[in-house]
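These notes concern the structure reproduced below.
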Amino acid sequence: MSNKKVCVIGLGYIGLPTAALLANKGYEVHGIDVVQSTVDTINQGKIHIVEPELDTFVKAAVNSAKLKADTKPTQADVFIIAVPTPFHEGYVPNIDYVISATKAIAPYVKEGNIVILESTSPVGTTDKVEDVLKEEGVDTSKLFIAHCPERVLPGQIMRELVENDRIVGGTTPEATQKTVEFYNTFVSGEVLSTTARTAEMAKLTENSFRDVNIAFANELSILCDTFNIDIWELISLTNRHPRVNVLQPGAGVGGHCIAVDPWFIVHAAKEANVEATMIRSAREVNTYKTEWAIEKIKNEALNFELEHGRKAKVACMGLAFKPDIDDLRESPALYITKRLMESSLDVFAVEPNIESHNELDIIEYKQALKEADIIAFLVAHKEFKDLSIKTSLDFCGVLK
1 MSNKKVCVIG LGYIGLPTAA LLANKGYEVH GIDVVQSTVD TINQGKIHIV EPELDTFVKA
61 AVNSAKLKAD TKPTQADVFI IAVPTPFHEG YVPNIDYVIS ATKAIAPYVK EGNIVILEST
121 SPVGTTDKVE DVLKEEGVDT SKLFIAHCPE RVLPGQIMRE LVENDRIVGG TTPEATQKTV
181 EFYNTFVSGE VLSTTARTAE MAKLTENSFR DVNIAFANEL SILCDTFNID IWELISLTNR
241 HPRVNVLQPG AGVGGHCIAV DPWFIVHAAK EANVEATMIR SAREVNTYKT EWAIEKIKNE
301 ALNFELEHGR KAKVACMGLA FKPDIDDLRE SPALYITKRL MESSLDVFAV EPNIESHNEL
361 DIIEYKQALK EADIIAFLVA HKEFKDLSIK TSLDFCGVLK
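If you read the sequence shown in the working numbering, its first letter stands for residue 1, the second for the next number, and so on.
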């Protein structure tokens, strides 16, 4: 199948690595993005995001003429939709980008094509893709439509795209089989078959499970602060139990998956007149942890001002949603930094993985450490480890 053409819609944190990997596996890949600057960057063999090894894959793919980026789709054998699925106000799922991408490819799909939705989506979205194609005049009975959710870890995407097991669920058994065959051409992990709706729910379940477990750690960290107990020592000791694995707390939960996907289940449950009680509670705990961190920093700043007669300079160490990446989507660290700035504090925004930000002045971390009165570690970037600094505001355990 490697002589076939693949059209990837969305060249972000999942779409671009997928496109580059497929191109390096011998596929002819046509990548689509609505941002012209992204298209131009990729066609130069460069990347617009930070991800280990991705630059090498993209450069090789472009130089071999196997990867070309554009703003418009083209005919292909396989179409992969990898666009964002955020939510509207009130945590209502927003699949507008998926619908737009589906409409964009409708004029180009033909009999025998595989159409894959990789975007993490509410249950029923793959069926919606088929409905939209029908509305656009496409005979979907001659297509193979499926959902295959990505399940990679930022910072290890190029390896995990190949090695991780994948779940494929088609709208028909034939669609599942054809899509499994496609993924087996480049995935070394096991490719598991199911239905589209089960595949959609599986990804939401994976991230909700993680969110619930992180909520336990975050709630524990708040309690330990009240009880004057070192949360990091406590977790280290607790995890010596052979059947206990408490996760590490943080300043909240961010990223496009864990901070978003549980709301898809909560919303679906509400629509069905049932309650996803634990999943909702976990989301609320993790959201509260971010607000709690803001108040901790504000109180420290107020105490400093009362003692020194001037406003404190606060260094917010890290803006990304997790260590050693440049991804700021749904980042609690970024939210904390902006909130502190809105409260008229003098804030230094530190993020070693980006050079600039359209709203914040990014300051080099060593300069921030020299000039700040209060240092709040929000993300455990490698640059911050092993620093000899005493602070009660280490929300990520980077100094432990």
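For glycine and all other residues, C-beta sits at the position ideal for the given N, C-alpha and C. As the structure is a prediction and not an experimental result, all values here were calculated from the model.
Candidates the options: closest to residue i by CA position
i: K178; options: E200, V162, I116; result: I116
i: A406; options: A196, K59, T171, I231; result: Any question about residue 406 goes unanswered here, given that the chain covers just 1 to 400.
i: H381; options: T125, Y365, M341, T176; result: Y365
i: S100; options: I81, G112, V109; result: I81
i: N245; options: A251, V253, D139, I235; result: I235
i: E383; options: P352, E111, E359; result: P352
i: H357; options: E342, A320, L340; result: A320
i: G252; options: H241, S221, K289; result: K289
i: S281; options: S208, E190, A301; result: S208
i: I286; options: E275, I265, G189, S331; result: The question names Ile, but residue 286 is Asn in the sequence shown. Taking only the C-alpha atoms, the option nearest N286 is S331.
i: V35; options: V29, I258, A69; result: A69
i: V266; options: I279, I258, L133; result: I279
i: A372; options: D327, K311, V62, C224; result: K311
i: K142; options: E150, T74, I157, T171; result: T171
i: E130; options: L340, T102, E89; result: T102
i: I362; options: H147, G318, L21, Y91; result: G318
i: H447; options: G12, T277, T71, D96; result: Not covered by the structure: residue 447. The range shown for the chain is 1 to 400.
i: F304; options: V274, L345, T277; result: L345
i: I95; options: T126, L399, G254; result: T126
i: A104; options: L387, L133, I157; result: L133
i: Y97; options: L11, L237, N213; result: L11
i: Q75; options: H88, Y108, Y91, D326; result: Y108
i: A175; options: H147, E342, T277, Y13; result: H147
i: M341; options: C316, S37, R243; result: C316
i: A61; options: K110, L22, P242, E275; result: L22
i: L328; options: H256, V168, V274, G15; result: H256
i: I9; options: K270, K128, A276, E118; result: E118
Alpha-carbon to alpha-carbon, residue j and residue i
i: D33; j: A19; result: 12 Å
i: A215; j: R197; result: 27 Å
i: F377; j: C7; result: 41 Å
i: V78; j: I145; result: 10 Å
i: W263; j: G309; result: 44 Å
i: F57; j: V162; result: 13 Å
i: E219; j: V123; result: 29 Å
i: L334; j: V138; result: 43 Å
i: V314; j: E307; result: 15 Å
i: V260; j: L369; result: 33 Å
i: A349; j: L360; result: 7 Å
i: R159; j: E300; result: 42 Å
i: L67; j: I114; result: 19 Å
i: T140; j: G155; result: 37 Å
i: K59; j: K46; result: 6 Å
i: L399; j: S221; result: 16 Å
i: K25; j: A199; result: 25 Å
i: I297; j: V347; result: 11 Å
i: T195; j: T120; result: 15 Å
i: I389; j: I374; result: 11 Å
i: R240; j: Q248; result: 14 Å
i: V379; j: T337; result: 12 Å
i: A106; j: E136; result: 6 Å
For residue i: DSSP bridge partner residues
i: K313; result: D346
i: D394; result: F377
i: C148; result: Looking at the DSSP assignment, C148 forms no beta bridge with any residue, so it has no partner.
i: P93; result: F87
i: I80; result: V8, I116
i: E28; result: K5
i: K68; result: H30
i: I362; result: A349
For residue i, three-class secondary structure by DSSP
i: A199; result: helix
i: S193; result: strand
i: V61; result: Residue identity check: residue 61 is Ala in the sequence provided, not Val. Here A61 sits in helix by DSSP.
i: G255; result: coil
i: A272; result: coil
i: G15; result: helix
i: I167; result: strand
i: I222; result: helix
i: F182; result: helix
i: S100; result: helix
i: V109; result: coil
i: H357; result: coil
i: F264; result: helix
i: Q156; result: coil
i: E53; result: coil
i: T74; result: coil
i: I214; result: helix
i: N245; result: coil
i: L143; result: coil
Residue i CB to nearest heavy atom of the ligand HEM below 7 Å
i: Y108; result: Looking for the ligand HEM in the displayed structure turns up nothing, as the structure carries no ligands at all.
Below 8 Å, can you find three or more Cβ-Cβ pairs linking the segment 40 to 53 to the segment 83 to 91?
no
Specify whether the segment 386 to 395 and the segment 284 to 301 touch according to this definition: at least 3 beta carbon pairs, one from each stretch, less than 8 Å apart.
yes
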